[in-house]
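Engineer:
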Amino acid sequence: MDSRAGSSESAACKGLAGVPPLPTTAIKVPRVDAWLLVQYGILGFVALAPWNFVLTAVAFLDSKFHHNFASSVPIIYSASVNIAQLIMVWVGNKFTFAPRFDLGCVMLSIAITLLAVVAIIFGDGDLVSNAGLGFGLALICVFFLGFGHSIMESSAFGLAALCPKICMVATMVGEGVGGLAPWPCQLLIEVIFSAVPNSQGWQTLIFFVVPAAVSLLIIPMFRLWTAKHPYMVEVLRIEEKRKHDALATRQTRRPVHLIIREVLPMALCAWGGLAVLFVVFPAQVVLWTSSNPNNNGFVPQIIYTFQVLDTVGRFAPSVGLSLSERMLMLFITLRVLFIPLFICTTLYQSIAPFSFDWFKHIEMALMAVTNGFGVTLAMAYGPQRVSQDKAEQEVAGYTMGFALINGIFVGSLFGLLANVCLGQT
1 MDSRAGSSES AACKGLAGVP PLPTTAIKVP RVDAWLLVQY GILGFVALAP WNFVLTAVAF
61 LDSKFHHNFA SSVPIIYSAS VNIAQLIMVW VGNKFTFAPR FDLGCVMLSI AITLLAVVAI
121 IFGDGDLVSN AGLGFGLALI CVFFLGFGHS IMESSAFGLA ALCPKICMVA TMVGEGVGGL
181 APWPCQLLIE VIFSAVPNSQ GWQTLIFFVV PAAVSLLIIP MFRLWTAKHP YMVEVLRIEE
241 KRKHDALATR QTRRPVHLII REVLPMALCA WGGLAVLFVV FPAQVVLWTS SNPNNNGFVP
301 QIIYTFQVLD TVGRFAPSVG LSLSERMLML FITLRVLFIP LFICTTLYQS IAPFSFDWFK
361 HIEMALMAVT NGFGVTLAMA YGPQRVSQDK AEQEVAGYTM GFALINGIFV GSLFGLLANV
421 CLGQT
């Protein structure tokens, strides 16, 4: 019996040996590629570009509406964004991404276009000379601009938080690039209209239509390309449950406040970076003048220096520059020194070195590159502090976005307070 069993086993082995092996194919795992990073960059670009266009035109708008418009705009804008960000932190992950991007982009487009229309109709020498009414209507437009920005940006950050750190960096770099476009665009429009007298209002309308149009392009981009990218198809499986759950259903494994507590150290870094910046920018910077009395475009030039170097700082983590979380906290804290430096530059513009244009560009460059670098690192580190649960990482992304904008709000309040205390109203 044993010999027959052995022979049958031997025959079976020989038979199996004669069967050709089944072909093996490697399973292709979707990855983050350059095209997806470009799309994240575009999301970041559109989220912040409208605000950067407004900042570039803030000197003109301030001259139209008066009432400390340059100092008031960041306060209203950031207050609106804070309200929307708080809503997104607590209930944002109960909705799918596509309608959020749709709503944010439409609000951005409409609000910035209406702001330009208000600038044409209201102000000194215009159809309606009541600058105070124009000031109020302009702030309403800014409020809705901020709300649209918040929905757009928090959704972009929430989406990036579900992916590797490089996606958050790409989004931040895109926001920085969004600051590079306004000034060249403004110069081009000025050249085109150079022979047309009293056309600055219409120039502003065309100038603001540019980010309005680009914002609307995000709607088809996300639906046709981003959401259908192989990597994002896997990531967005998290949305399937949301389509059927009630609004009251919690999407995270833990309560939201526990997630916020884990993210808090990096959220404070992001908050501190923007708070320091907006104490003096643009409240102090719009008061800077060039040593050349014929240089009427000095403030936009300074703002563009900020945009360029801020983008460089945001890109730095992509090439390997980094700090530990502890060193990042120290780095952010030391940036407080920029506040007295910028105020002294405003108060003592006739005294060297504050009288030199190159000095103003250098201090703005240092402010910008440290801002971009520090805030981007904080935004990238924040979602990594929570578990690998995708829903929790999404909430972490929203929390970081709220910290970012709340820093703008608090910094802007102190910026206006500094204007009042220094008699700059």
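In this note's numbering, the protein residues as written are 1 to 425. Where a beta carbon is used, it is the ideal one built from N, C-alpha and C, also for glycine. Values in this document were obtained by computation on a predicted structure and should not be read as measured data.
Exposed or buried, what is Ile192 when buried is set at 16 or more other beta-carbons lying within 10 Å of its beta-carbon?
Structural biologist: Counting from one through the sequence shown, the residue named residue 192 turns up at place 192. Its Cβ having fewer than 16 others within 10 Å, Ile192 is exposed.
Engineer: Look up Glu9 in the DSSP assignment and say whether it is helix, strand or coil.
Structural biologist: Within the sequence shown, numbered from 1, the residue matching residue 9 stands at position 9. Unreliable positioning characterises Glu9 in this predicted model, as indicated by a pLDDT of 48, which lies under 50. The coordinate reading is nonetheless provided below. Reduced to three states, the DSSP call for Glu9 is helix.
Engineer: Buried or exposed: which applies to Thr346, given that a residue is buried once 16 or more other Cβ atoms fall within 10 Å of its Cβ?
Structural biologist: If you number the sequence shown from 1, residue 346 lands on position 346. Answer is buried; the Cβ neighbour count reaches 16.
Engineer: Is the beta carbon of Leu205 less than 8 Å from the beta carbon of Gly411?
Structural biologist: In the sequence shown, the residue the question calls residue 205 occupies position 205. In the sequence shown, the residue the question calls residue 411 occupies position 411. Result no, Cβ atoms of Leu205 and Gly411 do not sit closer than 8 Å.
Engineer: How big is the Cα-Cα spacing for Ser436 and Ser194?
Structural biologist: Residue 436 lies beyond the residue range present for the chain, which begins at 1 and ends at 425; the question has no answer from this structure.
Engineer: Spatial neighbours of Val336 within its chain, please: CB distance less than 7 Å, with the 5 preceding and 5 following residues excluded, ordered by chain position.
Structural biologist: By 1-based counting over the sequence shown, the position of residue 336 is 336. For Val336, where only same-chain residues beyond five positions count, the Cβ hits under 7 Å are Val276.
Engineer: Reducing DSSP to helix, strand and coil, say where Val32 ends up.
Structural biologist: For the purposes of this step, residue 32 is taken as residue 32 along the sequence shown, with counting starting at 1. Note: Val32 maps to coil in three-state DSSP.
Engineer: Just to confirm the assignment: which complete alpha helix (DSSP H) runs, minimum length 4, are found wholly within the stretch 49-75?
Structural biologist: 58-65
Engineer: Please report how far the alpha carbon of Phe278 lies from the alpha carbon of Val420, in whole angstroms.
Structural biologist: For this step, residue 278 is matched to residue 278 along the sequence shown. For this step, residue 420 is matched to residue 420 along the sequence shown. Answer to the nearest angstrom: the Cα atoms are 15 Å apart.
Engineer: Please classify Lys14 as buried or exposed, where buried requires at least 16 neighbouring CB atoms within 10 angstroms.
Structural biologist: Position 14 of the sequence shown holds residue 14. Legend: pLDDT at Lys14 = 49, less than 50; position of this residue unreliable, no value from coordinates given.
Engineer: Mind reading off the beta-carbon distance from Arg31 to Tyr231? Whole number of angstroms is fine, and I expect it under 8 Å.
Structural biologist: Position 31 of the sequence shown, counted from the start, is the residue given in the question as residue 31. Position 231 of the sequence shown, counted from the start, is the residue given in the question as residue 231. Contact flag correct, Cβ pair sits at about 6 Å.
Engineer: CB-CB under 6 Å to Met168, same chain, minus the five flanking residues each way: which ones, in chain order?
Structural biologist: Within the sequence shown, the letter at position 168 stands for residue 168. Closer than 6 Å at Cβ, skipping near neighbours: Ala160, Met379, Ala380.
Engineer: Buried or exposed: Tyr348, going by 16 or more other Cβ atoms within 10 Å of its Cβ?
Structural biologist: Looking up residue 348 in the sequence shown gives position 348. With fewer than 16 other Cβ atoms within 10 Å, it is exposed.
Engineer: Could you tell me the boundaries of the alpha helix (DSSP H) in which Gly401 lies?
Structural biologist: Here the question's residue 401 lines up with position 401 in the sequence shown. Start and end: 390-421.
Engineer: I need the boundaries of the alpha helix (DSSP H) containing Gln200, first residue and last residue.
Structural biologist: Within the sequence shown, numbered from 1, the residue matching residue 200 stands at position 200. Annotation for Gln200: the continuous alpha helix (DSSP H) segment containing it runs 200-221.
Engineer: Which value, in whole angstroms, describes the spacing of the CA atoms of Arg100 and Phe356?
Structural biologist: Along the sequence shown, read from residue 1 onward, the residue named residue 100 stands at position 100. Along the sequence shown, read from residue 1 onward, the residue named residue 356 stands at position 356. Approximately 46 Å between the Cα atoms of the pair.
Engineer: What does the alpha-carbon distance come out to for the pair Trp183 and Ala267?
Structural biologist: Position 183 of the sequence shown, counted from the start, is the residue given in the question as residue 183. Position 267 of the sequence shown, counted from the start, is the residue given in the question as residue 267. So the alpha carbons of these two residues sit roughly 31 Å apart.
Engineer: Looking at Ala368: is its Cβ nearer than 8 Å to the Cβ of Gly313?
Structural biologist: Sequence index remark: in the sequence shown, residue 368 carries index 368 (1-based). Sequence index remark: in the sequence shown, residue 313 carries index 313 (1-based). Result yes, Cβ atoms of Ala368 and Gly313 sit closer than 8 Å.
Engineer: When the Cα atoms are used, what is the spatial distance from Cys269 to Ile112?
Structural biologist: Locating residue 269 in the sequence shown gives position 269, where the first residue counts as 1. Locating residue 112 in the sequence shown gives position 112, where the first residue counts as 1. So the two alpha carbons sit approximately 30 Å from each other.
Engineer: Alpha helix (DSSP H) containing Tyr304: first to last residue?
Structural biologist: Reading the sequence shown from its first residue, position 304 is the one you call residue 304. Looking at the DSSP string, the run of the alpha helix (DSSP H) that includes Tyr304 is 298-315.
Engineer: By the 10 Å Cβ neighbour count, where 16 or more other Cβ atoms means buried, how is Thr56 classified, buried or exposed?
Structural biologist: Translated into positions along the sequence shown, residue 56 becomes position 56. When all chains shown are included, Thr56 counts as buried.
Engineer: Taking just the CA atoms, how far does Pro220 sit from Val386?
Structural biologist: Position 386 of the sequence shown, counted from the first residue, corresponds to residue 386. Position 220 of the sequence shown, counted from the first residue, corresponds to residue 220. So the alpha carbons of these two residues sit roughly 32 Å apart.
Engineer: Can you list, in chain order, the residues of its chain with a C-beta nearer than 7 Å to that of Glu394? Leave out the 5 residues immediately preceding and following it.
Structural biologist: As a first step, residue 394 is located in the sequence shown; it is residue number 394 there, counting from the start. Excluding residues within five positions, the ones whose Cβ falls inside 7 Å are Asn93, Gly158, Ala161, Leu162.
Engineer: For a test of the three-state rule: what should DSSP assign to Val336, helix, strand or coil?
Structural biologist: As a position in the sequence shown, residue 336 is number 336, starting the count at 1. In this structure, Val336 counts as helix in the three-state DSSP scheme.
Engineer: In the DSSP output, what is Val128 paired with across the bridge?
Structural biologist: For the purposes of this step, residue 128 is taken as residue 128 along the sequence shown, with counting starting at 1. Answer is Phe122.
Engineer: Return the chain-ordered list of same chain residues with a C-beta closer than 6 Å to the C-beta of Gly272, the five sequence neighbours on each side being excluded.
Structural biologist: Working through the sequence shown from its first residue, we reach residue 272 at position 272. Ile332.
Engineer: Pair every Cβ in the stretch 136-148 with every Cβ in the stretch 64-76, then say whether three or more of these pairs are closer than 8 Å.
Structural biologist: yes
Engineer: At the level of alpha carbons, what is the spacing between Leu413 and Val233?
Structural biologist: As a position in the sequence shown, residue 413 is number 413, starting the count at 1. As a position in the sequence shown, residue 233 is number 233, starting the count at 1. Straight-line Cα distance between these residues: approximately 42 Å.
Engineer: Determine whether the beta carbon atoms of Gly426 and Thr171 lie at a separation below 8 Å.
Structural biologist: Absent from the model: residue 426. The displayed extent of the chain is 1 to 425, so no value can be given.
Engineer: Output needed for Gly123: all residues of its chain with C-beta closer than 6 Å, excluding positions within five of it in sequence on either side, in chain order.
Structural biologist: Within the sequence shown, numbered from 1, the residue matching residue 123 stands at position 123. Same-chain partners within the cutoff: Lys64, Ala131, Gly134.
Engineer: Express the C-alpha separation of Trp225 and Asn406 in angstroms, rounding to a whole number.
Structural biologist: Here residue 406 refers to the residue found at position 406 when the sequence shown is read from its first residue. Here residue 225 refers to the residue found at position 225 when the sequence shown is read from its first residue. Roughly 32 Å separates the two Cα atoms.
Engineer: Within the continuous alpha helix (DSSP H) that includes Arg261, where are the two ends?
Structural biologist: Here residue 261 refers to the residue found at position 261 when the sequence shown is read from its first residue. Per DSSP, Arg261 belongs to the alpha helix (DSSP H) from 256-280.
Engineer: Would the beta-carbon of Gly179 fall within 8 Å of that of Thr289?
Structural biologist: The residue you call residue 179 lines up with position 179 of the sequence shown. The residue you call residue 289 lines up with position 289 of the sequence shown. It is not a contact, given that the beta carbons lie outside the stated cut-off.
Engineer: Which whole-angstrom value describes the C-beta separation of Val286 and Val58, a residue pair presumed to lie in contact below a C-beta threshold of 8 Å?
Structural biologist: Position 286 of the sequence shown, counted from the start, is the residue given in the question as residue 286. Position 58 of the sequence shown, counted from the start, is the residue given in the question as residue 58. Contact between Val286 and Val58 holds: their C-beta atoms lie close to 7 Å from each other, under 8 Å.
Engineer: Round the Cβ separation of Phe402 and Asn82 to the nearest angstrom and send it over; I've been treating them as touching at under 8 Å.
Structural biologist: As a first step, residue 402 must be located in the sequence shown, where it is residue number 402. As a first step, residue 82 must be located in the sequence shown, where it is residue number 82. Phe402 to Asn82, Cβ: 7 Å. Contact.
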